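Before any comments, here is the structure.
Residue numbers (our numbering): 3 to 228.
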């Protein structure tokens, strides 16, 4: 492949990716549009909003969105990436807390995010519209960050043996399934079938069992005190 072909390939690969602009004002404007988009997509699916809908509800010219994000998909990816950063930041906060309390806070922050950003959470967990390789990559990054956060809280380090990582990843996948079911179920009065505190304690208990099993297979990863 010659240089001009390579440049053409790069442009086609990156055509839909969010583009950052250089000046402070444009960076702030881009961040403002992402914040607006997060509200619009909070409980609305990707397909349900056209670019005309987005521009009208955001009260901006459609061309401005194209200027910063190139396409609807580029805008959507920027929103998902921003949502993911928020989710990971919430989950990984309070690093000065004791390990057990930190794990509780991590799960609580995770559930609160899913509860208040349902459409974005479903997108992150399910992998986007159809099979979207870039959203899948974002989701995998979230999983790795969450596994690292739990490992740091449980063992005081992120570097753990492969078996421990696999077991924690399995637990996290069950968390995703439970969380999706929890945010989607309501009783006859329109209230959630289970309170968030109950779901959090359920997940903490299943994590405890996972940590105990890890210790059986990997004595170098002892479960923290209950």
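Glycine residues also receive a C-beta, built at the ideal position from the N, C-alpha and C atoms.
Remember, predicted model here, so these are calculated numbers, not experimental data.
TODO: Kindly indicate which three-state DSSP category residue 61 falls into: helix, strand or coil?
DONE: It is coil, neither helix nor strand.
Open item on the list: Count Cβ pairs between the stretch 198-207 and the stretch 105-114 that sit closer than 8 Å; are there 3 or more?
Closed with: Under the three-pair Cβ rule at 8 Å, the stretch 198-207 counts as touching the stretch 105-114.
Task: Separation of residue 83 from residue 12, as counted between CA atoms - done: In this predicted model, residue 12 has a pLDDT of only 44, less than 50, meaning its place in the structure is not dependable enough to derive any value.
Open item on the list: Let's test the definition: count the other Cβ atoms within 10 Å of the Cβ of residue 165 and tell me whether it reaches 16, buried, or not, exposed.
Closed with: Around the Cβ of residue 165, a 10 Å sphere holds fewer than 16 other Cβ atoms; the residue is exposed.
Open item on the list: Just to confirm, is the Cβ distance from residue 228 to residue 217 under 8 Å?
Closed with: No Cβ-Cβ contact shorter than 8 Å links residue 228 with residue 217.
- [ ] Assuming residue 44 contacts residue 121 (C-beta within less than 8 Å), just tell me the rounded distance between them.
- [x] 6 Å between Cβ atoms; contact.
- [ ] Take residue 250 and list the residues in its own chain whose beta-carbon comes closer than 6 Å to its own, dropping the five residues that flank it on each side.
- [x] Coverage of the chain is limited to positions 3 through 228, which leaves residue 250 absent and any answer about it impossible.
Open item on the list: Taking the alpha helix (DSSP H) that residue 36 belongs to, which residues open and close that run?
Closed with: Its alpha helix (DSSP H) spans residues 26-42.
Open item on the list: Going by DSSP in three states, residue 188 sits in which element: helix, strand or coil?
Closed with: In the three-state reduction of the DSSP assignment, residue 188 falls in the strand class.
Open item on the list: DSSP three-state label for residue 207, please.
Closed with: The DSSP-derived three-state label of residue 207 is helix.
Open item on the list: I'd like to confirm something about residue 113: is its beta-carbon nearer than 7 Å to some heavy atom of the ligand FAD, or not?
Closed with: Summarising the ligand content, the structure contains no ligands, and the ligand FAD is consequently not present.
TODO: Would you please state the rounded distance, in angstroms, between the beta carbons of residue 167 and residue 149? I believe it to be under 8 Å.
DONE: About 6 Å separates the CB atoms of residue 167 and residue 149; that is less than 8 Å, so the two are in contact.
Open item on the list: What does the alpha-carbon distance come out to for the pair residue 186 and residue 128?
Closed with: Cα to Cα, the separation comes out at about 14 Å.
TODO: Could you say which of 80, 91, 152 lies nearest to residue 137 if we only look at CA atoms?
DONE: Ranking 80, 91, 152 by CA distance to the CA of residue 137 puts 80 first.
Open item on the list: In whole angstroms, give me the CA-to-CA distance for residue 184 and residue 172.
Closed with: Whole-angstrom Cα-Cα distance: 18 Å.
Open item on the list: So, with DSSP's three-state summary, where would you put residue 194?
Closed with: DSSP, read as helix, strand or coil, puts residue 194 in strand.
Open item on the list: To the nearest angstrom, how far is the alpha carbon of residue 23 from that of residue 58?
Closed with: Residue placement at residue 23 cannot be trusted, given a pLDDT of 45 that sits under 50; what the coordinates show is reported in the next sentence. Using only the alpha carbons, I get a separation of about 23 Å.
- [ ] Out of 194, 201, 157, point me to the one whose CA is closest to residue 230's CA.
- [x] Residue 230 lies beyond the stretch modelled for the chain, which goes from 3 to 228, so this question has no answer here.
TODO: Return the chain-ordered list of same chain residues with a C-beta closer than 6 Å to the C-beta of residue 90, the five sequence neighbours on each side being excluded.
DONE: Correct list, in chain order: 147.
Task: C-alpha gap between residue 56 and residue 193, whole angstroms - done: Cα-Cα distance, rounded: 30 Å.
Open item on the list: For residue 151, count the other beta carbons within 10 Å of its own beta carbon; 16 or more makes it buried, fewer makes it exposed. Which is it?
Closed with: Its Cβ being crowded by 16 or more others within 10 Å, residue 151 is buried.
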